[in-house]
Amino acid sequence: LDPLTLNDYKAGGQKRRTVCNELLNRIQDSMKSVIVSAPDYETLQIIHTARRLYMRRGLQQTTEERQDLSRRFAEGYRRLLAVTDGDPPAAWLELQQRIVAYQKELRDLGIRDYQVPGLDRTLNEDTKIKEIDGDHVLAEIRLPYQIAHMLFLLVLAAIPTIFLNLPVGILAGMNAERRRKKALARSKVKIRAYDVMLTEKILFCMIAIPTMWFMYFLVMYFGTNFDGPTIALCIFSLPLFAYVGIIVSEAGIVEFKDLRPYLMRLFPSTRRRLRRLPATRRQLQIDIRAFIKKLGPAMGELYYGKTLNWKEIIEKSRDDDLRAKLVEAVNSEADLASLLDAKKDQ
């Protein structure tokens, strides 16, 4: 509580409710100032992709700088929707559709955005497609080694995973999914409720894993002729075996995921799509930067400011949600004014 409002809080009644409401608003603003908020998950993905495309190649940013840039994109998107009554200009809609198509192409090909610039080196544009045969691709990407390494890791992790991690993992996943659906049905702010799944899995495993180890102890004590030291050694080794199984399984899964883009490069149609991706990305970068350069000055400190007080920005956005106030704040910029006029004429 603010010390200046302590007397009003003690007075009770309407004054206490006012103080509590102000406290809740400050908490809400503080939370919004450290997270990236978006209308839905798809919009959030578009914002992150646009931020990555906007960044100059080779520019190293800290986590805080990337988070700050993502918040600027999210707040700029919110203001754009507010100014246009939820109907953005055609230029942005067309750009948004291209970003979504680019994301879908990355998912289909099984690669990440940061890997696209390197495709120019992997698939030389001067080499004709017909000259790249399967043997050449296999030699370049070391596919046999990748497969052998993945199988070795999965076999190594099979025994501890099947007996120690798999039973608890399956039960924890089923319980977490059931809890996630319940939390999602009750909540008005959760998008996927994956945070609930993580919490429920941790709580479930805290109970299930010691219980399973105790059951193994009972099986070895009553079902075998092992002596006490042998049983103790087996039980105390279970945490180590479980940890090794998790680490090796994780490495095997990563290897398995990395196989998909390698395998897809064996197909001529996929190689053609991979060849087009760098040019598609470069054109998207040019168009996004041009759009932001045209619209950015109307955003004021959101565009020009090097350091921003996000708490103040969130407070202003909560007070200035009406379209008239926002238009009045940015209408002095010729670029945005002309954009709005063009929107009205459509």
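Per the numbering used here: the sequence shown = residues 1 to 346.
Glycine residues also receive a C-beta, built at the ideal position from the N, C-alpha and C atoms.
Remember, it's a predicted structure, so these values are computed and weren't measured experimentally.
Item	Value
Cβ neighbour criterion (16 or more within 10 Å) applied to residue 206	exposed
8 angstroms Cβ cutoff met for residue 166 and residue 248	no
Same chain, Cβ closer than 7 angstroms to residue 213, five either side skipped, listed in chain order	235 and 238
Local conformation of residue 13 per DSSP, three classes	helix
Cβ shell of residue 11 (< 6 angstroms), same chain only, five flanking positions each side left out	none
Where residue 38 sits in the DSSP three-state scheme	coil
Backbone CA spacing between residue 7 and residue 312 [nearest angstrom]	26 angstroms
Span separating the alpha-carbon of residue 282 from that of residue 91	18 angstroms
Cβ-Cβ distance between residue 47 and residue 38 below 8 angstroms	yes
Other residues of its chain near residue 19: CB distance less than 6 angstroms, five sequence neighbours each side excluded	5, 8 and 9
At least three beta-carbon pairs within less than 8 angstroms, the region 182 to 199 to the region 269 to 281	no
Distance between beta carbons of residue 161 and residue 245, contact taken as under 8 angstroms	4 angstroms
For residue 269, the first and last residue of its enclosing alpha helix (DSSP H)	268 to 295
Distance between beta carbons of residue 288 and residue 53, contact taken as under 8 angstroms	5 angstroms
CA-to-CA distance, residue 41 to residue 84, given in whole angstroms	21 angstroms
Under the three-state DSSP convention, the category residue 45 falls into	helix
Beta carbon of residue 171 nearer than 8 angstroms to that of residue 232	no
Distance CB(residue 284)-CB(residue 98) smaller than 8 angstroms	yes
Beta-carbon separation (whole angstroms), residue 255 vs residue 150, contact threshold 8 angstroms	4 angstroms
Same chain, Cβ closer than 7 angstroms to residue 301, neighbours up to 5 away in sequence not counted	308
Cβ pair residue 164, residue 242 closer than 8 angstroms	yes
Cβ-Cβ distance between residue 251 and residue 153 below 8 angstroms	yes
Boundaries of the alpha helix (DSSP H) in which residue 182 is found, first to last residue	166 to 186
Chain-order list of residues whose beta-carbon lies under 7 angstroms from that of residue 95 (same chain, five-residue window excluded)	287, 288 and 291
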